[in-house]
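*Asks:* One structure coming up, written as structure tokens, with questions to follow.
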Ligand code: PAF
């Protein structure tokens, strides 16, 4: 496995792979079993698997955890080598955003995602999805993969990437990986590392509320607002600071109609200082 830190070395490493099917798995590192499942998915589709590891400052807002975000490059590379990855691209901030050196990140060209990105996580993290769309666009240009793998755990991000590829005509197939969960139901996330032992025990409540909504929908309830409100209230009374619990159309992320047969339930909430997100898709077949 080759590890490169700059764009010139990346291009040189990719040159001999011309004509092969290349899959990119973009990550911010501190890799867990969920990331490795995405790598396996990439491996099953491609001849060459490239993993990027880059904690992207553009997608963090003021007061967010950019500095504290866990950086574990050596351990990550060890895991990726064992997983059969061919190439790791782990650039510095200056390599990705040379203007940041003297003019600051605000001088960067930004890719502005469509308006649906301004709701849900976008409403609570202004600029986040523009930061994601910008770095992913750069990675697509640099690696030029035939396919790229993203986890469904970041469901709204996945929809932003689909829009990016469709609207900017990237010849890239997006492959969505299922969310990996702990036995408790907690979605795997690099940010779970911030949780105390007690919070780790409590954290599956977020997924539990999404499952409760799914049960209600399966039982025929269609009072979406009431279902969202009840999940929020329960989480708040358990000590969570809730950003949102939302029931949406799984393709457009708009409010679902009462005759819908497919939904995605999404939630974001803080336990102590740790913000967790999760989602659950549900579809019923018509009688
Ligand atoms: O999902 C992530 O880890 C990041 O948002 C991504 C896609 C690697 C872009 O920085």
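Numbering (this note's numbering), first residue to last: 155 to 441. Cβ atoms here follow ideal geometry from the backbone N, Cα and C, with glycine treated the same way.
So residue 230 packs on residue 184, CB below 8 angstroms; how close in whole Å?
*Replies:* The residue given as residue 230 occupies position 76 in the chain shown. The residue given as residue 184 occupies position 30 in the chain shown. With a Cβ gap of about 7 angstroms, residue 230 and residue 184 count as contacting.
*Asks:* Is residue 205 buried or exposed, if buried means 16 or more other CB atoms sit within 10 Å of its CB?
*Replies:* Indexing the chain shown from 1 puts residue 205 at position 51. Buried is the call here.
*Asks:* Is residue 272 helix, strand or coil when you go by DSSP?
*Replies:* Position 118 of the chain shown, counted from the start, is the residue given in the question as residue 272. Reduced to three states, the DSSP call for residue 272 is helix.
*Asks:* Any heavy atom of the ligand PAF closer than 6 angstroms to the CB of residue 433?
*Replies:* What you label residue 433 is simply residue 279 of the chain shown in a count that begins at 1. Residue 433: no, Cβ never under 6 angstroms from the ligand PAF.
*Asks:* With a floor of 3 residues, list each beta strand (DSSP E) that falls wholly inside the stretch 224 to 261, ordered by position along the chain.
*Replies:* The stretch 224 to 261 contains these whole beta strand (DSSP E) runs: 241 to 243.
*Asks:* Helix, strand or coil for residue 265 per DSSP?
*Replies:* By 1-based counting over the chain shown, the position of residue 265 is 111. Coil at residue 265, not helix or strand.
*Asks:* Tell me whether residue 173 is buried or exposed, calling it buried when 16 or more other Cβ atoms sit within 10 Å of its Cβ.
*Replies:* Taking the first residue of the chain shown as 1, we reach residue 173 at position 19. With fewer than 16 other Cβ atoms within 10 Å, it is exposed.
*Asks:* Leaving out the 5 sequence neighbours to the left and right, which residues in its chain are closer than 8 angstroms to residue 361 when beta-carbon positions are compared?
*Replies:* As a first step, residue 361 is located in the chain shown; it is residue number 207 there, counting from the start. Correct list, in chain order: 335, 339, 340, 341, 432, 434.
*Asks:* In whole angstroms, give me the CA-to-CA distance for residue 464 and residue 187.
*Replies:* Examination of residue 464 is not possible in this model, given that the chain is present from 155 through 441 alone.
*Asks:* Could you tell me which uninterrupted alpha helix (DSSP H) segments, each at least 4 residues in length, are contained entirely in the stretch 329 to 387, listed from first to last along the chain?
*Replies:* Listed in chain order, the complete alpha helix (DSSP H) runs (minimum 4 residues) inside the stretch 329 to 387 are 351 to 356, 359 to 372.
*Asks:* Under 6 angstroms: does the beta carbon of residue 210 sit that close to some heavy atom of the ligand PAF?
*Replies:* Here residue 210 refers to the residue found at position 56 when the chain shown is read from its first residue. At least one heavy atom of the ligand PAF is nearer than 6 angstroms to the Cβ of residue 210, so yes.
*Asks:* If we call anything under 7 angstroms between Cβ atoms a contact, is residue 164 one with residue 243?
*Replies:* In the chain shown, the residue the question calls residue 164 occupies position 10. In the chain shown, the residue the question calls residue 243 occupies position 89. Contact: yes.
*Asks:* Are the CB atoms of residue 284 and residue 314 within a distance shorter than 7 angstroms?
*Replies:* As a working mapping, residue 314 is identified with position 160 in the chain shown. As a working mapping, residue 284 is identified with position 130 in the chain shown. Not closer than 7 angstroms, so no.
*Asks:* Pull up the CB-CB distance for residue 260 and residue 213, whole angstroms please, since I reckon it's below 8 angstroms.
*Replies:* Numbered from 1 along the chain shown, position 106 holds the residue referred to as residue 260. Numbered from 1 along the chain shown, position 59 holds the residue referred to as residue 213. Incorrect: roughly 14 angstroms between the Cβ atoms, too far for contact.
*Asks:* When DSSP labels each residue in this structure, what does residue 322 get in the three-state scheme?
*Replies:* Counted from its first residue, the chain shown places residue 322 at position 168. In the structure shown, residue 322 sits in coil (DSSP, three-state: anything other than H, G, I, E or B).
*Asks:* For residue 347, which residues in the same chain have their Cβ closer than 6 angstroms to its Cβ, ignoring the five residues on either side in sequence?
*Replies:* Looking up residue 347 in the chain shown gives position 193. Result list for residue 347: 224, in chain order.
*Asks:* Is the CB-CB distance between residue 247 and residue 254 below 7 angstroms?
*Replies:* Position 93 of the chain shown, counted from the start, is the residue given in the question as residue 247. Position 100 of the chain shown, counted from the start, is the residue given in the question as residue 254. It is a contact, given that the beta carbons lie within the stated cut-off.
*Asks:* Output the distance between the C-alpha atoms of residue 400 and residue 264, rounded to the nearest integer angstrom.
*Replies:* As a working mapping, residue 400 is identified with position 246 in the chain shown. As a working mapping, residue 264 is identified with position 110 in the chain shown. Each residue's Cα considered, the two are about 28 angstroms apart.
*Asks:* Residue 211: which of 195, 290, 177 sits nearest, CA to CA?
*Replies:* To locate residue 211, count along the chain shown from 1; it is residue 57. Comparing Cα-Cα distances from residue 211 to each of 195, 290, 177, the minimum goes to 290.
*Asks:* Please classify residue 267 as buried or exposed, where buried requires at least 16 other C-beta atoms within 10 Å of its C-beta.
*Replies:* Stepping through the chain shown from its first residue, residue 267 is reached at position 113. Residue 267 comes out buried.
*Asks:* Below 8 angstroms, can you find three or more Cβ-Cβ pairs linking the stretch 393 to 407 to the stretch 322 to 331?
*Replies:* With a cut-off of 8 angstroms, the stretch 322 to 331 and the stretch 393 to 407 do not count as touching, because too few Cβ pairs lie within range.
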